[in-house]
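In what follows, a single structure is set out as C-alpha coordinates and then discussed.
Residue numbers (the numbering used here): 135 to 618.
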(Lines of atoms letter the chains of each structure in order from A; the text may use other names.)
(Lines give C-alpha, C1' and ligand atoms only; values in the text may rest on other atoms or scores of the structure.)
Protein backbone atom coordinates (compact mmCIF):
# COMPACT_ATOMS: atom_id res chain seq x y z
CA UNK A 135 0.00 0.00 0.00
CA UNK A 136 1.19 3.49 -0.83
CA UNK A 137 0.89 6.72 1.06
CA UNK A 138 -0.70 10.10 0.38
CA UNK A 139 0.79 13.51 1.10
CA UNK A 140 -1.83 16.26 1.19
CA UNK A 141 0.25 19.29 0.25
CA UNK A 142 -0.56 22.98 0.17
CA UNK A 143 1.07 24.53 -2.89
CA UNK A 144 0.67 28.15 -1.80
CA UNK A 145 -1.11 30.96 -3.66
CA UNK A 146 0.67 30.81 -7.03
CA UNK A 147 4.28 31.96 -6.81
CA UNK A 148 6.58 28.95 -7.25
CA UNK A 149 8.90 30.11 -4.48
CA UNK A 150 6.08 30.12 -1.93
CA UNK A 151 6.02 26.32 -2.04
CA UNK A 152 7.51 24.98 1.21
CA UNK A 153 10.67 22.87 1.27
CA UNK A 154 8.69 19.88 2.51
CA UNK A 155 6.11 20.42 -0.21
CA UNK A 156 8.91 20.48 -2.78
CA UNK A 157 10.24 17.17 -1.50
CA UNK A 158 6.79 15.59 -1.73
CA UNK A 159 6.49 16.73 -5.36
CA UNK A 160 9.96 15.44 -6.24
CA UNK A 161 9.39 12.01 -4.69
CA UNK A 162 5.85 11.38 -5.88
CA UNK A 163 4.85 8.53 -8.18
CA UNK A 164 1.54 10.29 -8.84
CA UNK A 165 0.44 13.90 -8.40
CA UNK A 166 -3.24 14.89 -8.28
CA UNK A 167 -3.46 18.66 -8.65
CA UNK A 168 -6.02 21.42 -9.10
CA UNK A 169 -6.31 24.52 -11.28
CA UNK A 170 -4.65 26.90 -8.80
CA UNK A 171 -1.30 25.09 -8.84
CA UNK A 172 1.52 26.89 -10.66
CA UNK A 173 2.64 24.70 -13.63
CA UNK A 174 6.26 25.36 -12.67
CA UNK A 175 5.70 23.35 -9.48
CA UNK A 176 4.85 20.31 -11.60
CA UNK A 177 8.19 20.68 -13.39
CA UNK A 178 9.84 19.58 -10.14
CA UNK A 179 8.30 16.11 -10.49
CA UNK A 180 10.14 13.04 -11.74
CA UNK A 181 9.84 12.50 -15.53
CA UNK A 182 7.96 9.24 -14.96
CA UNK A 183 5.54 10.73 -12.41
CA UNK A 184 1.86 10.38 -13.33
CA UNK A 185 0.16 13.80 -13.38
CA UNK A 186 -3.62 13.86 -12.93
CA UNK A 187 -5.49 17.15 -13.27
CA UNK A 188 -8.72 17.35 -11.31
CA UNK A 189 -9.44 21.05 -11.19
CA UNK A 190 -12.74 22.78 -10.72
CA UNK A 191 -13.96 26.20 -11.73
CA UNK A 192 -15.40 26.68 -8.28
CA UNK A 193 -15.24 24.79 -5.01
CA UNK A 194 -18.94 24.03 -4.71
CA UNK A 195 -20.62 20.73 -5.47
CA UNK A 196 -19.49 17.31 -4.41
CA UNK A 197 -19.20 15.49 -7.74
CA UNK A 198 -15.59 16.38 -8.58
CA UNK A 199 -14.57 16.17 -4.92
CA UNK A 200 -15.85 12.60 -4.85
CA UNK A 201 -13.72 11.89 -7.92
CA UNK A 202 -10.65 13.38 -6.23
CA UNK A 203 -11.23 11.27 -3.12
CA UNK A 204 -11.66 8.14 -5.21
CA UNK A 205 -8.55 8.84 -7.31
CA UNK A 206 -6.12 9.38 -4.44
CA UNK A 207 -7.41 6.24 -2.73
CA UNK A 208 -7.10 4.15 -5.92
CA UNK A 209 -3.56 5.34 -6.65
CA UNK A 210 -2.41 4.71 -3.09
CA UNK A 211 -3.90 1.20 -3.23
CA UNK A 212 -1.73 0.63 -6.31
CA UNK A 213 1.25 1.06 -4.00
CA UNK A 214 2.14 4.56 -5.21
CA UNK A 215 3.41 7.56 -3.30
CA UNK A 216 0.68 10.09 -4.06
CA UNK A 217 1.00 13.84 -3.64
CA UNK A 218 -2.34 15.61 -3.53
CA UNK A 219 -1.34 19.14 -4.51
CA UNK A 220 -3.79 21.85 -3.53
CA UNK A 221 -3.66 25.61 -3.99
CA UNK A 222 -3.12 27.56 -0.77
CA UNK A 223 -3.41 25.48 2.40
CA UNK A 224 -5.30 22.17 2.51
CA UNK A 225 -7.25 23.13 5.63
CA UNK A 226 -8.18 26.74 4.79
CA UNK A 227 -11.39 26.13 2.82
CA UNK A 228 -9.41 23.56 0.82
CA UNK A 229 -11.57 20.53 1.67
CA UNK A 230 -8.44 18.67 2.68
CA UNK A 231 -10.30 17.23 5.64
CA UNK A 232 -12.78 15.47 3.35
CA UNK A 233 -9.90 13.82 1.50
CA UNK A 234 -8.32 12.65 4.75
CA UNK A 235 -11.62 11.11 5.87
CA UNK A 236 -11.67 9.14 2.60
CA UNK A 237 -8.09 7.97 3.22
CA UNK A 238 -8.92 6.94 6.78
CA UNK A 239 -11.92 4.96 5.60
CA UNK A 240 -9.66 3.07 3.14
CA UNK A 241 -6.98 2.53 5.80
CA UNK A 242 -4.35 4.53 3.86
CA UNK A 243 -1.56 6.40 5.62
CA UNK A 244 -1.16 10.12 5.03
CA UNK A 245 0.71 13.27 6.00
CA UNK A 246 -0.43 16.87 5.74
CA UNK A 247 1.98 19.52 4.52
CA UNK A 248 0.64 23.01 5.29
CA UNK A 249 0.78 25.62 2.56
CA UNK A 250 0.92 29.40 2.64
CA UNK A 251 -2.71 30.48 2.57
CA UNK A 252 -3.87 33.09 0.09
CA UNK A 253 -5.75 34.86 2.89
CA UNK A 254 -2.52 36.49 4.09
CA UNK A 255 -0.04 36.03 1.22
CA UNK A 256 -2.13 37.48 -1.60
CA UNK A 257 -2.85 40.72 0.29
CA UNK A 258 0.88 40.89 1.08
CA UNK A 259 1.73 40.60 -2.63
CA UNK A 260 -0.71 43.44 -3.23
CA UNK A 261 0.85 45.74 -0.64
CA UNK A 262 -1.95 45.22 1.89
CA UNK A 263 -1.02 43.93 5.37
CA UNK A 264 -3.89 42.14 7.09
CA UNK A 265 -2.80 43.72 10.37
CA UNK A 266 -1.04 47.00 11.09
CA UNK A 267 -0.41 48.84 14.33
CA UNK A 268 -3.14 51.32 15.24
CA UNK A 269 -5.20 50.27 12.20
CA UNK A 270 -6.06 46.57 12.51
CA UNK A 271 -5.24 44.39 15.52
CA UNK A 272 -6.95 41.28 14.15
CA UNK A 273 -8.03 39.68 10.89
CA UNK A 274 -10.87 37.31 10.15
CA UNK A 275 -11.11 34.88 7.25
CA UNK A 276 -14.42 33.69 5.80
CA UNK A 277 -15.54 31.59 2.88
CA UNK A 278 -17.49 33.60 0.33
CA UNK A 279 -19.74 30.62 -0.43
CA UNK A 280 -22.98 29.51 1.11
CA UNK A 281 -23.18 25.91 2.31
CA UNK A 282 -25.10 23.16 0.52
CA UNK A 283 -28.08 23.99 2.72
CA UNK A 284 -27.92 27.62 1.67
CA UNK A 285 -27.00 28.92 5.12
CA UNK A 286 -25.18 32.23 5.24
CA UNK A 287 -22.87 33.97 7.69
CA UNK A 288 -24.07 35.91 10.70
CA UNK A 289 -23.34 39.36 9.28
CA UNK A 290 -24.88 41.02 12.31
CA UNK A 291 -21.84 39.76 14.24
CA UNK A 292 -19.32 40.12 11.42
CA UNK A 293 -20.17 43.79 10.79
CA UNK A 294 -19.25 44.58 14.40
CA UNK A 295 -15.72 43.15 14.10
CA UNK A 296 -13.04 45.83 14.15
CA UNK A 297 -10.32 43.87 12.38
CA UNK A 298 -9.64 43.20 8.71
CA UNK A 299 -12.18 40.99 6.92
CA UNK A 300 -10.97 38.55 4.26
CA UNK A 301 -13.39 36.60 2.06
CA UNK A 302 -12.09 33.75 -0.08
CA UNK A 303 -13.99 32.58 -3.16
CA UNK A 304 -16.56 35.34 -2.72
CA UNK A 305 -16.80 37.05 -6.11
CA UNK A 306 -20.14 35.41 -6.96
CA UNK A 307 -21.60 36.69 -3.69
CA UNK A 308 -19.90 40.10 -3.64
CA UNK A 309 -23.21 41.95 -3.66
CA UNK A 310 -24.47 39.91 -0.70
CA UNK A 311 -21.25 40.42 1.26
CA UNK A 312 -21.07 44.19 0.78
CA UNK A 313 -24.83 44.65 1.13
CA UNK A 314 -25.12 42.68 4.38
CA UNK A 315 -22.13 44.43 5.93
CA UNK A 316 -23.71 47.82 5.24
CA UNK A 317 -27.12 46.54 6.37
CA UNK A 318 -25.72 45.53 9.76
CA UNK A 319 -23.80 48.72 10.42
CA UNK A 320 -20.48 48.70 8.60
CA UNK A 321 -19.69 52.13 7.11
CA UNK A 322 -20.46 52.29 3.36
CA UNK A 323 -17.14 54.10 2.88
CA UNK A 324 -15.08 51.23 4.35
CA UNK A 325 -12.19 50.53 1.91
CA UNK A 326 -12.37 47.31 -0.12
CA UNK A 327 -9.86 45.62 -2.44
CA UNK A 328 -10.44 42.67 -4.74
CA UNK A 329 -7.23 40.85 -5.65
CA UNK A 330 -7.48 38.73 -8.78
CA UNK A 331 -4.91 36.00 -9.57
CA UNK A 332 -2.83 37.09 -6.59
CA UNK A 333 0.94 36.47 -6.41
CA UNK A 334 1.07 35.73 -10.15
CA UNK A 335 2.17 37.88 -13.07
CA UNK A 336 -1.50 38.43 -13.90
CA UNK A 337 -2.31 39.86 -10.47
CA UNK A 338 -4.86 42.66 -10.63
CA UNK A 339 -6.16 44.79 -7.77
CA UNK A 340 -9.51 46.59 -7.92
CA UNK A 341 -10.16 49.11 -5.16
CA UNK A 342 -13.34 50.75 -3.93
CA UNK A 343 -15.60 50.98 -0.90
CA UNK A 344 -18.43 48.81 0.35
CA UNK A 345 -20.94 51.00 -1.50
CA UNK A 346 -19.00 51.15 -4.81
CA UNK A 347 -17.16 47.83 -5.13
CA UNK A 348 -19.98 45.83 -6.76
CA UNK A 349 -20.34 48.32 -9.60
CA UNK A 350 -16.57 48.65 -9.99
CA UNK A 351 -16.06 44.88 -10.07
CA UNK A 352 -18.67 44.51 -12.81
CA UNK A 353 -17.09 47.31 -14.84
CA UNK A 354 -13.64 45.74 -14.45
CA UNK A 355 -15.03 42.25 -15.24
CA UNK A 356 -13.45 40.61 -12.21
CA UNK A 357 -13.21 36.81 -12.40
CA UNK A 358 -12.04 34.11 -9.97
CA UNK A 359 -9.67 33.23 -8.47
CA UNK A 360 -9.91 36.37 -6.39
CA UNK A 361 -10.09 37.34 -2.74
CA UNK A 362 -11.88 40.24 -1.10
CA UNK A 363 -10.21 42.23 1.68
CA UNK A 364 -12.16 44.80 3.67
CA UNK A 365 -10.81 47.35 6.11
CA UNK A 366 -8.66 50.43 6.57
CA UNK A 367 -5.47 48.45 5.81
CA UNK A 368 -6.43 48.68 2.12
CA UNK A 369 -5.35 52.33 2.21
CA UNK A 370 -1.74 51.25 2.89
CA UNK A 371 -1.44 49.71 -0.59
CA UNK A 372 -0.09 52.90 -2.15
CA UNK A 373 2.91 52.76 0.17
CA UNK A 374 3.40 49.02 0.57
CA UNK A 375 2.92 47.83 -3.02
CA UNK A 376 6.06 46.02 -4.25
CA UNK A 377 5.24 42.98 -6.37
CA UNK A 378 3.70 44.91 -9.24
CA UNK A 379 6.89 46.99 -9.46
CA UNK A 380 9.09 44.02 -10.35
CA UNK A 381 10.67 44.52 -13.80
CA UNK A 382 8.84 41.72 -15.65
CA UNK A 383 5.52 41.97 -13.86
CA UNK A 384 2.63 41.36 -16.25
CA UNK A 385 4.85 39.97 -19.01
CA UNK A 386 4.38 36.49 -20.45
CA UNK A 387 7.70 35.19 -21.80
CA UNK A 388 8.14 31.92 -23.71
CA UNK A 389 11.20 29.73 -23.14
CA UNK A 390 12.20 27.40 -25.99
CA UNK A 391 15.34 25.65 -24.75
CA UNK A 392 15.47 21.94 -23.97
CA UNK A 393 13.04 21.06 -21.17
CA UNK A 394 15.42 21.18 -18.18
CA UNK A 395 17.00 24.47 -19.19
CA UNK A 396 13.63 25.94 -20.16
CA UNK A 397 12.33 25.20 -16.68
CA UNK A 398 15.41 26.76 -15.08
CA UNK A 399 15.06 29.85 -17.28
CA UNK A 400 11.35 29.99 -16.45
CA UNK A 401 12.14 30.10 -12.73
CA UNK A 402 14.39 33.13 -13.26
CA UNK A 403 11.68 34.91 -15.26
CA UNK A 404 9.13 34.35 -12.50
CA UNK A 405 11.53 35.66 -9.85
CA UNK A 406 11.33 38.98 -11.67
CA UNK A 407 7.53 39.02 -11.63
CA UNK A 408 6.92 37.56 -15.09
CA UNK A 409 4.92 34.57 -16.23
CA UNK A 410 6.94 31.93 -18.05
CA UNK A 411 5.48 29.65 -20.71
CA UNK A 412 7.66 26.57 -21.10
CA UNK A 413 7.62 25.41 -24.74
CA UNK A 414 10.77 23.32 -25.42
CA UNK A 415 11.67 23.28 -29.10
CA UNK A 416 14.88 21.29 -28.88
CA UNK A 417 16.05 18.19 -27.07
CA UNK A 418 19.67 17.35 -26.22
CA UNK A 419 20.69 13.69 -26.55
CA UNK A 420 24.07 12.00 -26.09
CA UNK A 421 25.50 10.16 -29.10
CA UNK A 422 27.28 7.67 -26.79
CA UNK A 423 30.43 8.08 -28.82
CA UNK A 424 33.76 6.66 -27.64
CA UNK A 425 36.34 9.43 -27.76
CA UNK A 426 39.88 8.57 -28.83
CA UNK A 427 42.32 10.76 -26.88
CA UNK A 428 45.44 9.20 -28.40
CA UNK A 429 47.80 11.97 -29.50
CA UNK A 430 45.40 14.75 -28.50
CA UNK A 431 47.14 17.92 -27.30
CA UNK A 432 44.11 20.12 -26.66
CA UNK A 433 40.32 19.83 -26.26
CA UNK A 434 38.00 22.72 -27.05
CA UNK A 435 34.45 23.07 -25.72
CA UNK A 436 31.89 25.53 -27.09
CA UNK A 437 28.87 24.67 -24.89
CA UNK A 438 27.69 23.44 -21.50
CA UNK A 439 26.11 20.44 -23.19
CA UNK A 440 29.45 19.47 -24.70
CA UNK A 441 31.19 19.62 -21.33
CA UNK A 442 28.46 17.70 -19.55
CA UNK A 443 28.26 14.94 -22.18
CA UNK A 444 32.06 14.60 -22.44
CA UNK A 445 32.70 14.23 -18.73
CA UNK A 446 29.72 11.96 -18.11
CA UNK A 447 31.28 9.57 -20.61
CA UNK A 448 34.75 9.76 -19.07
CA UNK A 449 35.67 6.93 -16.69
CA UNK A 450 38.85 8.44 -15.26
CA UNK A 451 39.86 12.13 -15.30
CA UNK A 452 43.53 11.16 -15.22
CA UNK A 453 43.45 10.17 -18.90
CA UNK A 454 43.44 13.89 -19.70
CA UNK A 455 47.00 14.18 -18.40
CA UNK A 456 48.55 17.42 -19.65
CA UNK A 457 45.99 17.98 -22.43
CA UNK A 458 45.18 21.68 -22.69
CA UNK A 459 41.56 22.70 -22.22
CA UNK A 460 39.85 25.66 -23.88
CA UNK A 461 36.27 26.87 -23.46
CA UNK A 462 34.09 29.56 -24.99
CA UNK A 463 31.52 31.38 -22.87
CA UNK A 464 31.13 31.92 -19.15
CA UNK A 465 28.48 29.18 -18.78
CA UNK A 466 30.77 26.62 -20.43
CA UNK A 467 33.49 27.75 -18.03
CA UNK A 468 31.17 27.32 -15.03
CA UNK A 469 30.15 23.85 -16.20
CA UNK A 470 33.71 22.55 -16.57
CA UNK A 471 34.70 23.92 -13.16
CA UNK A 472 32.12 21.50 -11.69
CA UNK A 473 34.41 18.66 -12.79
CA UNK A 474 37.44 20.21 -11.01
CA UNK A 475 38.99 21.25 -14.32
CA UNK A 476 40.38 24.77 -14.74
CA UNK A 477 40.44 25.78 -18.41
CA UNK A 478 43.77 26.94 -19.78
CA UNK A 479 42.18 29.59 -21.96
CA UNK A 480 38.88 31.27 -22.79
CA UNK A 481 38.49 33.94 -25.49
CA UNK A 482 36.60 37.15 -24.75
CA UNK A 483 34.33 36.74 -27.76
CA UNK A 484 31.85 33.86 -27.68
CA UNK A 485 32.92 32.39 -31.02
CA UNK A 486 34.33 28.97 -31.86
CA UNK A 487 36.76 30.57 -34.30
CA UNK A 488 38.28 32.71 -31.53
CA UNK A 489 38.62 29.59 -29.39
CA UNK A 490 40.53 27.86 -32.19
CA UNK A 491 42.80 30.88 -32.63
CA UNK A 492 43.70 31.01 -28.93
CA UNK A 493 44.58 27.31 -28.91
CA UNK A 494 47.62 28.16 -31.06
CA UNK A 495 49.33 29.71 -28.03
CA UNK A 496 49.07 26.40 -26.17
CA UNK A 497 49.98 23.91 -28.94
CA UNK A 498 52.53 23.29 -31.68
CA UNK A 499 52.34 22.98 -35.44
CA UNK A 500 50.49 19.85 -36.51
CA UNK A 501 49.08 19.09 -33.05
CA UNK A 502 45.79 17.25 -32.85
CA UNK A 503 43.03 19.33 -31.28
CA UNK A 504 39.54 18.02 -30.55
CA UNK A 505 36.63 20.42 -30.98
CA UNK A 506 33.77 18.99 -28.90
CA UNK A 507 30.44 19.93 -30.40
CA UNK A 508 26.95 18.85 -31.47
CA UNK A 509 25.84 17.16 -34.64
CA UNK A 510 24.66 20.45 -36.15
CA UNK A 511 27.21 22.96 -34.90
CA UNK A 512 28.67 24.93 -37.85
CA UNK A 513 32.35 24.55 -36.93
CA UNK A 514 34.88 25.06 -39.73
CA UNK A 515 37.61 22.73 -38.53
CA UNK A 516 39.10 22.12 -42.00
CA UNK A 517 39.47 25.85 -42.60
CA UNK A 518 41.02 26.37 -39.16
CA UNK A 519 43.46 23.48 -39.67
CA UNK A 520 44.79 25.03 -42.85
CA UNK A 521 44.86 28.58 -41.52
CA UNK A 522 46.38 27.82 -38.10
CA UNK A 523 48.59 24.85 -39.07
CA UNK A 524 46.96 22.49 -36.60
CA UNK A 525 44.89 19.33 -36.94
CA UNK A 526 41.45 20.34 -35.68
CA UNK A 527 39.08 17.37 -35.38
CA UNK A 528 35.36 18.02 -35.12
CA UNK A 529 34.10 15.60 -32.47
CA UNK A 530 30.32 15.33 -32.35
CA UNK A 531 29.30 13.77 -29.03
CA UNK A 532 25.70 14.99 -28.65
CA UNK A 533 22.86 15.86 -30.95
CA UNK A 534 20.39 18.69 -30.88
CA UNK A 535 17.04 17.33 -31.92
CA UNK A 536 14.32 19.71 -33.02
CA UNK A 537 10.99 19.31 -31.26
CA UNK A 538 8.10 20.08 -33.60
CA UNK A 539 5.15 21.30 -31.57
CA UNK A 540 2.00 21.59 -33.68
CA UNK A 541 0.24 23.37 -30.81
CA UNK A 542 2.85 26.10 -30.55
CA UNK A 543 0.63 28.82 -32.03
CA UNK A 544 -2.02 28.22 -29.37
CA UNK A 545 0.53 27.88 -26.54
CA UNK A 546 2.16 31.26 -27.25
CA UNK A 547 -0.91 33.25 -28.24
CA UNK A 548 -0.98 35.19 -24.95
CA UNK A 549 2.80 35.74 -24.88
CA UNK A 550 4.48 39.12 -24.95
CA UNK A 551 7.87 37.74 -25.96
CA UNK A 552 9.46 34.51 -27.20
CA UNK A 553 13.11 33.76 -26.46
CA UNK A 554 15.56 31.82 -28.61
CA UNK A 555 18.92 30.63 -27.31
CA UNK A 556 19.91 28.64 -30.39
CA UNK A 557 19.38 28.60 -34.13
CA UNK A 558 17.89 25.10 -33.85
CA UNK A 559 15.08 26.39 -31.65
CA UNK A 560 14.34 29.09 -34.23
CA UNK A 561 14.10 26.50 -37.01
CA UNK A 562 11.89 24.26 -34.87
CA UNK A 563 9.58 27.19 -34.13
CA UNK A 564 9.14 28.06 -37.79
CA UNK A 565 8.51 24.41 -38.68
CA UNK A 566 6.01 24.11 -35.82
CA UNK A 567 4.01 27.02 -37.25
CA UNK A 568 3.47 24.89 -40.40
CA UNK A 569 3.47 27.79 -42.81
CA UNK A 570 1.51 30.18 -40.59
CA UNK A 571 2.96 33.60 -39.88
CA UNK A 572 4.54 34.53 -36.58
CA UNK A 573 2.29 36.80 -34.52
CA UNK A 574 4.05 40.16 -34.76
CA UNK A 575 2.64 41.22 -31.40
CA UNK A 576 4.99 38.68 -29.83
CA UNK A 577 8.43 40.24 -29.59
CA UNK A 578 11.48 38.09 -30.34
CA UNK A 579 14.56 37.89 -28.11
CA UNK A 580 17.87 36.30 -29.13
CA UNK A 581 20.93 35.13 -27.22
CA UNK A 582 23.44 36.36 -29.78
CA UNK A 583 24.50 37.21 -33.33
CA UNK A 584 24.30 33.73 -34.87
CA UNK A 585 20.81 33.10 -33.49
CA UNK A 586 19.70 36.60 -34.51
CA UNK A 587 20.89 35.99 -38.06
CA UNK A 588 18.80 32.83 -38.25
CA UNK A 589 15.75 34.67 -36.89
CA UNK A 590 16.15 37.33 -39.59
CA UNK A 591 16.57 34.67 -42.29
CA UNK A 592 13.05 33.55 -41.44
CA UNK A 593 11.75 37.10 -41.83
CA UNK A 594 11.29 37.91 -38.14
CA UNK A 595 12.47 41.06 -36.38
CA UNK A 596 14.75 40.82 -33.37
CA UNK A 597 13.53 43.12 -30.60
CA UNK A 598 16.18 42.11 -28.05
CA UNK A 599 19.67 40.68 -28.48
CA UNK A 600 21.69 39.79 -25.40
CA UNK A 601 24.71 41.98 -24.77
CA UNK A 602 26.32 38.97 -23.08
CA UNK A 603 25.54 35.67 -24.82
CA UNK A 604 24.25 33.72 -21.83
CA UNK A 605 20.77 33.01 -20.49
CA UNK A 606 21.46 35.47 -17.69
CA UNK A 607 22.69 38.05 -20.18
CA UNK A 608 19.57 37.63 -22.28
CA UNK A 609 17.35 38.07 -19.24
CA UNK A 610 19.20 41.26 -18.29
CA UNK A 611 18.69 42.62 -21.81
CA UNK A 612 14.98 41.74 -21.68
CA UNK A 613 14.65 43.65 -18.40
CA UNK A 614 16.39 46.65 -19.96
CA UNK A 615 14.03 46.45 -22.95
CA UNK A 616 10.93 46.62 -20.79
CA UNK A 617 12.34 49.35 -18.63
CA UNK A 618 12.63 51.39 -21.82
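Even glycine gets a Cβ: it sits at the ideal position worked out from N, Cα and C. Predicted model only: the values in this text are computed from it and were never measured.
Count Cβ pairs between the segment 471-489 and the segment 389-406 that sit closer than 8 Å; are there 3 or more?
no
Which same chain residues end up closer than 7 Å to residue 207 when comparing Cβ atoms and leaving out the 5 residues on each side of it in sequence?
In the chain shown, residue 207 corresponds to position 73, counting from 1. The answer, listed in chain order, is 236, 237, 240, 242.
Which residues does DSSP list as the beta-bridge partners of residue 224?
Translated into the one-based positions of the chain shown, residue 224 becomes position 90. Answer is none; residue 224 lacks a bridge partner.
Cα-Cα separation, residue 329 to residue 304
Numbered from 1 along the chain shown, position 195 holds the residue referred to as residue 329. Numbered from 1 along the chain shown, position 170 holds the residue referred to as residue 304. Spanning the two alpha carbons is a distance of roughly 11 Å.
Where do the ends of the beta strand (DSSP E) carrying residue 475 lie?
On the chain shown, residue 475 is found 341 positions in, with the first residue counted as 1. Segment: none, residue 475 is in no beta strand (DSSP E) and carries neither H nor E.
Using CA atoms only, rank isn't needed, just tell me which of 442, 439, 490 is closest to residue 460.
By 1-based counting over the chain shown, the position of residue 460 is 326. If we check each option's Cα against that of residue 460, 490 comes out closest.
Residue 420 and residue 443: beta carbons closer than 8 Å?
Within the chain shown, numbered from 1, the residue matching residue 420 stands at position 286. Within the chain shown, numbered from 1, the residue matching residue 443 stands at position 309. Taking 8 Å as the Cβ cut-off, residue 420 and residue 443 qualify as a contacting pair.
Going by Cα to Cα distance, which pick from 466, 438, 422 is closest to residue 448?
Taking the chain shown and counting its residues from 1, one reaches residue 448 at position 314. Taking only the C-alpha atoms, the option nearest residue 448 is 422.
Between which two residues does the beta strand (DSSP E) containing residue 362 stretch?
For the purposes of this step, residue 362 is identified with residue 228 of the chain shown, where counting begins at 1. Unbroken beta strand (DSSP E) run through residue 362: 360-364.
Residue 275 to residue 326, Cα distance in whole Å?
Residue numbering aside, residue 275 sits at position 141 when the chain shown is read from its first letter. Residue numbering aside, residue 326 sits at position 192 when the chain shown is read from its first letter. Taking the CA atoms as reference points, residue 275 sits about 14 Å from residue 326.
Residue range of the unbroken alpha helix (DSSP H) whose run includes residue 490:
Here residue 490 corresponds to residue number 356 of the chain shown, with the count starting at 1. Here the alpha helix (DSSP H) through residue 490 covers 486-493.
Could you check where the alpha helix (DSSP H) with residue 440 kicks off and where it finishes?
One-based indexing of the chain shown puts residue 440 at position 306. Run containing residue 440: 438-446, per the alpha helix (DSSP H) assignment.
According to DSSP, is residue 164 helix, strand or coil?
To locate residue 164, count along the chain shown from 1; it is residue 30. Correct three-state label for residue 164: strand.
Contacts around residue 358, its chain only, beta-carbon distance under 6 Å, and the 5 residues preceding and following it disregarded:
Residue numbering aside, residue 358 sits at position 224 when the chain shown is read from its first letter. 305.
Evaluate residue 291 with the Cβ neighbour count: other Cβ atoms within 10 Å of its Cβ, from every protein chain shown; 16 or more gives buried, anything less gives exposed.
The residue given as residue 291 occupies position 157 in the chain shown. Classification for residue 291: exposed.
Between the CA atoms of residue 259 and residue 150 - distance to the nearest angstrom:
As a first step, residue 150 is located in the chain shown; it is residue number 16 there, counting from the start. As a first step, residue 259 is located in the chain shown; it is residue number 125 there, counting from the start. In a straight line, the C-alpha of residue 150 is about 11 Å away from that of residue 259.
In chain order, what residues of the same chain have a beta carbon less than 7 Å from the beta carbon of residue 558, not counting five sequence neighbours either side?
Against the chain shown, residue 558 aligns to sequence position 424. Within the same chain, residue 558 has close Cβ partners 416, 510, 534, 536.
From 217, 161, 578, residue whose alpha carbon lies closest to that of residue 188:
Along the chain shown, one-based indexing puts residue 188 at 54. The option with the nearest alpha carbon to residue 188 is 217.
With a threshold of 8 Å on Cβ separation, who are the neighbours of residue 184 within its own chain once the five nearest residues in sequence on each side are excluded?
Within the chain shown, residue 184 is the residue found at index 50, counting from 1. The residues are 163, 164, 165, 209, 214.
Look up residue 338 in the DSSP assignment and give the residues it is bridged to.
Along the chain shown, one-based indexing puts residue 338 at 204. The partner list for residue 338 (beta bridge, DSSP) reads 330.
Compute the Euclidean distance between the alpha carbons of residue 145 and residue 393, then round it to the nearest angstrom.
Indexing the chain shown from 1 puts residue 145 at position 11. Indexing the chain shown from 1 puts residue 393 at position 259. So the alpha carbons of these two residues sit roughly 25 Å apart.
CB of residue 542 within 8 Å of CB of residue 525, strictly:
Within the chain shown, the letter at position 408 stands for residue 542. Within the chain shown, the letter at position 391 stands for residue 525. Cβ atoms of residue 542 and residue 525: not closer than 8 Å.
Rounded to a whole number of angstroms, what is the C-alpha to C-alpha distance between residue 317 and residue 266?
What you label residue 317 is simply residue 183 of the chain shown in a count that begins at 1. What you label residue 266 is simply residue 132 of the chain shown in a count that begins at 1. Answer to the nearest angstrom: the Cα atoms are 26 Å apart.
Would residue 253 and residue 308 qualify as a contact pair, given that the criterion is a beta-carbon distance under 8 Å?
Stepping through the chain shown from its first residue, residue 253 is reached at position 119. Stepping through the chain shown from its first residue, residue 308 is reached at position 174. Taking 8 Å as the Cβ cut-off, residue 253 and residue 308 do not qualify as a contacting pair.
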